[in-house]
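Okay, so here's the structure we're looking at.
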Amino acid sequence: MKSMKKWLALGLTLVLAFSLAACSGGGNEGASNDGGEGGDEKVELTFWAFGATGYEELVKEYQEENPNVTIKFKSSETAEHHDALFTALSAGSGAPDIAMLEVDQFDRFKVAQDRFANLYDLGAKDVQDQYLDWKWNAGENADGDFLFGLPTDIGPKALYYRTDVFEAAGLPTEPAEVEALISSPEAFKEAGLQVKEKTGKPFVDSIEMAYRAYLDSAVETYLNPEGELLIAEEGNAVKKAYDYAVELNEAGIVGNFDMWTPEWSNAVNTGEFAAELGAGWLKGWMEGNAPDASGNFKVATLPTEFAANWGGSYIAIPGETENAQAAYDFVEWLVSPENQLKSFQSNGLFPSAPAVYEMEEFTSNQDEFFGGQVTSEVFAQAAQDIEGAVYKGEKYFPVHQEVLNALKNVQVGGDPEEEWEAAVKRAQDLVSR
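All the letters of the sequence shown, read from the start, carry residue numbers -24 to -1, 1 to 409 under mature numbering (1 follows the signal peptide of the UniProt record, and there is no 0).
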């Protein structure tokens, strides 16, 4: 699931890290493996989730099939959910049997490995081949011998583009033609220049999205797993993304519509910019919030250099559970390809199980908002173009914000190199604290 505007406070992360160091005990000690699927023993499980997943309906379905299992389901806002889970893990009590983890928060929880059950000990190896490799691997610890969570949804990125603006600029409007034309970062810029020349409109909405074009596809960004800052090193991926955003801005093809602001929402609705580099979940937002844009958008795959994931989640089992196997049996069922299809159909959760991409209900899913295009096929291809998941770590967001601040300063006249050097210095200060 996505986490757009609410992030966990860094101080809470540190509290957890210190408390974990002070506490003893392993993640699975005392956990019972009784009461799993097919067993007769009565089992009660608690399941914490966030956002609009529709999982409450699947919980009911599972309980009907397994009358010995009762699942108490609770869903809350993203930040509230992760805060509560952090607090429970830090205290060593009060955590649920099953917990959903948002991908942008995931690396912060990995410092708490001893607070989770290793899903490899519960049978996860048997289903590993059902999921995209990059998604599965990102659910492991650094050594690859501990699996925190089973994969749920993902957020493959694609090019959302206004067909009316493209047509006015003399660009093709059919997805296959757009993919052939905009097949590289250089071609992306050239298309933007043509849009600007012919229509006077910016190509991309904001400098942040221009920056994320390269950033989201980089496996190494701000920090490595040892917590060392990478952006001061020569030739780092973040500087490449930064320079590209500066280049597009200097070419005059970057707008000032920051995502999720009222101005941005209105611009999406009325066509004030030509293209958005967005994840699969953005489709649902557009359908519900940009009625005037219906029929004017289509989706195409991005250049392979920009192939990336933005969003998604995992489902983990906190180690204090007394019913680890029963919890795992439910989670394995919940994220099976068949149920990922149901979650996609009901709530737009894009599947991480490639078998879904071949199912008729998936391949025939025409989107009226996008002129009848089967956009799911575009995002399925995008998902399979991704080479690896981005490592984020505990201080990803504050460092990320410092670079964004630098780019914002550039957009209002700041010197790009001076702003970059100042952002690196601020980032070094953050990491050294």
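All C-beta atoms in this analysis are idealised placements derived from N, C-alpha and C, irrespective of residue type, glycine included.
Its Cα nearest to that of Pro238, the residue Asp181 stands out among Asp181, Trp396, Ala255, Val19. Counting along the chain, Leu258 sits inside the alpha helix (DSSP H) bounded by residues 258 to 265. Within a 10 Å sphere around the beta-carbon of Thr246 sit fewer than 16 other beta-carbons, which makes this residue exposed. Leu98 and Asn117 have their alpha carbons spaced roughly 16 Å apart. Proximity to Ile130 across Asp102, Met185, Leu258 peaks at Leu258, based on C-alpha coordinates. Three or more beta-carbon pairs separated by less than 8 Å link the segment 15 to 28 to the segment 70 to 77, which places the two stretches in contact. Scanning the segment 289 to 349 for uninterrupted alpha helix (DSSP H) segments of 4 residues or longer gives 300 to 310, 313 to 323, 336 to 339, listed from N- to C-terminal end. Within the same chain, Ala25 come within 6 Å of Tyr31 by CB-CB distance, once the 5 residues on both sides are set aside. Remark: three or more beta-carbon pairs, one from each stretch, lie closer than 8 Å, so the segment 256 to 271 and the segment 129 to 143 are flagged as touching.
Annotation: the segment 196 to 244 contains no complete segment of the beta strand (DSSP E) (minimum length 3 residues).
Residue pairing from DSSP leaves Ile183 without any beta-bridge partner. Gly231 sits buried, since 16 or more C-beta atoms from the chains shown fall within 10 Å of its C-beta.
If the five residues before and after Asp83 are omitted, its C-beta is found closer than 8 Å to the C-beta atoms of Tyr367, Lys368, Gly369, Glu370, Tyr372, all from its own chain and listed in chain order. A Cβ-Cβ contact shorter than 9 Å links Leu191 with Ala213. Rounded to the nearest whole angstrom, the C-alpha separation of Val141 and Gly168 is 11 Å. In the DSSP assignment, Val400 falls within the alpha helix (DSSP H) that extends over 392 to 408. Burial check for Trp112: the Cβ neighbour count within 10 Å reaches 16 or more, so the residue is buried. Boundaries of the alpha helix (DSSP H) harbouring Ala167: 161 to 175, taken from the DSSP string. Excluding its 5 nearest sequence neighbours in each direction, Ala144 has C-beta neighbours in its own chain below 8 Å: Lys174, Thr175, listed in chain order. DSSP, read as helix, strand or coil, puts Ala194 in coil.
Taking a C-beta distance under 9 Å as the contact criterion, Val222 and Leu383 qualify as a contact pair. Proximity to Gln81 across Ala152, Gly115, Gly120, Asn42 peaks at Gly115, based on C-alpha coordinates. Relative to Ala356, the option among Ala194, Glu202, Asp102, Ala283 whose CA is nearest is Ala283. Non-local beta-carbon contacts of Glu378 in its own chain, meaning distances under 6 Å to residues more than five positions away in sequence, involve Ala399, Arg402, Ala403 in chain order.
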